[in-house]
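Participant: One structure is given below, represented as structure tokens, and several questions about it will come after.
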Amino acid sequence: MPKIRKPDNFVPRLIMTIAGVLLCSLAVGFFKCSRFGVDPFQCFSWGLWGKIAYMLPFGTFYIIVNAALLIVDLFLDKHYIGIATFINLFLTGYIVSFSESVISHFCPEPSFAVRCVFLVIGILIICFAASLYMTSDLGVSTYDAIPIIISNRTKWQFRFVRIGTDIICVLIGTICVFLGAKDGQYPGVGTIIAAFFMGPLVDFFNRKFSRPVLAKFSKTIPATKAGSAS
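For the sequence shown, the working numbering gives the first residue as 399, with consecutive numbering after it.
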């Protein structure tokens, strides 16, 4: 298991990490309640689960998928494995279920306009949340680490690499659904919007909010190059 790093100004970074993970889970709840499709990685996970592992609880399968990605991340660049990685790995699924149930309780049958609002809220929050915990440099989710590592190794701009990985996730999830995945999540307009705009929006929040805020607490900006892509 990688050693958890404790960089300068650990407390502000930890606050950003926890806030990012919680907000990300809340955002997925809004995504699902919008009924316009889930985010790309959820589309991939639900499709794959419904096709090859529906006999398992989805939460268990989700942990297995993330554990597999964790192994890949460790081989490619363990720098991005940290506290946030393990919080995401074990808690995100449960927080998503809780947030979805709360939102559905207060708005069980949302109108089209409300669904659109949920979609916008979900996309903005998930991008802002990803920016927070990426910039905190205490680790990122196993999936988020993949485009960052690719961007760093190839020098391609993060926003475009993220679009590419999101599109791949959507394609795999969609193929699984068409091949008969049980309870698979069809990609909707929200999925497509997320696939093309999450990368640029995360990059925007990195440059305009997260890095400037962290800079107020530290003279050294973390080495996560995704935050400096432009």
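C-beta atoms are modelled at their ideal positions from N, C-alpha and C, and glycine is treated no differently.
1. Taking all protein chains shown into account, do 16 or more other C-beta atoms lie within 10 angstroms of the C-beta of PRO610, making it buried, or fewer, making it exposed?
2. For a quick check, are the C-beta atoms of VAL538 and TYR478 less than 8 Å apart?
3. Based on Cα-Cα distance, which residue from LYS580, PRO455, THR540 lies nearest to PHE473?
4. When you compare each of LEU446, LYS606, LEU517 to PHE576 by their alpha carbons, which one comes out closest?
5. Excluding five sequence neighbours on each side, which residues of the same chain lie with their C-beta closer than 8 Å to the C-beta of ALA482?
6. Going by Cα to Cα distance, which pick from CYS567, PHE602, LYS606, SER608 is closest to TRP444?
7. Are the CB atoms of GLY427 and VAL587 nearer to each other than 8 Å?
8. Answer yes or no: does any C-beta atom of chain D fall closer than 8 Å to that of GLY578?
9. Verify whether the separation of the beta carbon atoms of ILE485 and ILE591 is less than 8 Å.
10. Take ILE450 as the anchor and find which of ALA593, LYS614, GLY571 has the nearest alpha-carbon.
11. Once the 5 residues before and after ASP475 are set aside, which same chain residues still bring their CB inside 6 Å of it?
12. My output table needs one value for SER411: the three-state DSSP class, helix, strand or coil.
13. Rounded to the nearest angstrom, how far is the Cβ of PHE615 from that of ASN407, given a contact under 8 Å?
14. Quick check on the burial criterion: 16 or more other C-beta atoms within 10 angstroms. Buried or exposed for CYS422?
15. Distance, Cα to Cα, ILE523 vs TRP554?
16. Measuring straight from C-alpha to C-alpha, what distance separates GLY480 and LEU612?
17. Helix or strand or just coil, what does DSSP make of ARG433?
18. Measure from the alpha carbon of CYS441 to the alpha carbon of each residue in PHE607, SER499, ILE565, ARG605, then state which is nearest.
19. Go through its chain and collect everything with a Cβ distance to SER502's Cβ below 8 Å, but skip five positions before and after it.
20. Can you tell me where the alpha helix (DSSP H) with TYR452 in it begins and where it stops?
21. Candidates VAL470, GLY597, PHE607, SER608: which alpha carbon is nearest ASP437's?
22. Consult DSSP for ILE590 and reduce its assignment to one of helix, strand or coil.
23. Is the distance from the Cβ of PHE488 to the Cβ of ILE462 below 8 Å?
24. Just checking my contact of LEU599 with CYS514 at CB under 8 Å: how many whole Å lie between their CB atoms?
Facilitator: Taking the coordinates as given:
1. Start at 1 with the first residue of the sequence shown, and residue 610 comes out as number 212. Its Cβ having fewer than 16 others within 10 Å, PRO610 is exposed.
2. The sequence position of residue 538 within the sequence shown is 140, counting from 1. The sequence position of residue 478 within the sequence shown is 80, counting from 1. Yes, they are a contact pair.
3. The count along the sequence shown starts at 1 and reaches residue 473 at position 75. When only C-alpha atoms are compared, the closest one is THR540.
4. Locating residue 576 in the sequence shown gives position 178, where the first residue counts as 1. PHE576 has its Cα closest to that of LEU446, out of LEU446, LYS606, LEU517.
5. Indexing the sequence shown from 1 puts residue 482 at position 84. Counting only Cβ-Cβ distances below 8 Å, and skipping sequence neighbours, we find THR415, GLY418, VAL419, TYR531, SER534, LEU536, GLY537, VAL538, SER539.
6. For the purposes of this step, residue 444 is taken as residue 46 along the sequence shown, with counting starting at 1. Cα-wise, what sits closest to TRP444 is CYS567.
7. Along the sequence shown, read from residue 1 onward, the residue named residue 427 stands at position 29. Along the sequence shown, read from residue 1 onward, the residue named residue 587 stands at position 189. No.
8. In the structure shown, chain D cannot be found, because there is only a single protein chain.
9. Reading the sequence shown from its first residue, position 87 is the one you call residue 485. Reading the sequence shown from its first residue, position 193 is the one you call residue 591. Cβ atoms of ILE485 and ILE591: not closer than 8 Å.
10. Residue mapping note: residue 450 aligns to position 52 of the sequence shown, counting from 1. If we check each option's Cα against that of ILE450, GLY571 comes out closest.
11. The count along the sequence shown starts at 1 and reaches residue 475 at position 77. Excluding residues within five positions, the ones whose Cβ falls inside 6 Å are ILE547.
12. Here the question's residue 411 lines up with position 13 in the sequence shown. The question names Ser, yet the displayed sequence has Arg at residue 411. Reduced to three states, the DSSP call for ARG411 is helix.
13. Along the sequence shown, one-based indexing puts residue 615 at 217. Along the sequence shown, one-based indexing puts residue 407 at 9. At roughly 4 Å, the Cβ-Cβ gap stays under 8 Å, so PHE615 and ASN407 are in contact.
14. Position 24 of the sequence shown, counted from the first residue, corresponds to residue 422. It is buried - the Cβ of CYS422 has at least 16 other Cβ atoms within 10 Å.
15. Locating residue 523 in the sequence shown gives position 125, counting from the first residue. Locating residue 554 in the sequence shown gives position 156, counting from the first residue. One C-alpha to the other measures close to 25 Å.
16. As a first step, residue 480 is located in the sequence shown; it is residue number 82 there, counting from the start. As a first step, residue 612 is located in the sequence shown; it is residue number 214 there, counting from the start. Cα to Cα, the separation comes out at about 18 Å.
17. Indexing the sequence shown from 1 puts residue 433 at position 35. Here ARG433 sits in coil by DSSP.
18. As a working note, residue 441 is residue 43 in the sequence shown. Comparing Cα-Cα distances from CYS441 to each of PHE607, SER499, ILE565, ARG605, the minimum goes to ILE565.
19. To locate residue 502, count along the sequence shown from 1; it is residue 104. CYS431.
20. As a working mapping, residue 452 is identified with position 54 in the sequence shown. Unbroken run through TYR452: none, as it is neither H nor E.
21. Working through the sequence shown from its first residue, we reach residue 437 at position 39. The option with the nearest alpha carbon to ASP437 is GLY597.
22. By 1-based counting over the sequence shown, the position of residue 590 is 192. Correct three-state label for ILE590: helix.
23. Translated into the one-based positions of the sequence shown, residue 488 becomes position 90. Translated into the one-based positions of the sequence shown, residue 462 becomes position 64. Cβ distance not < 8 Å, so PHE488 and ILE462 don't count as in contact.
24. By 1-based counting over the sequence shown, the position of residue 599 is 201. By 1-based counting over the sequence shown, the position of residue 514 is 116. Incorrect: roughly 17 Å between the Cβ atoms, too far for contact.
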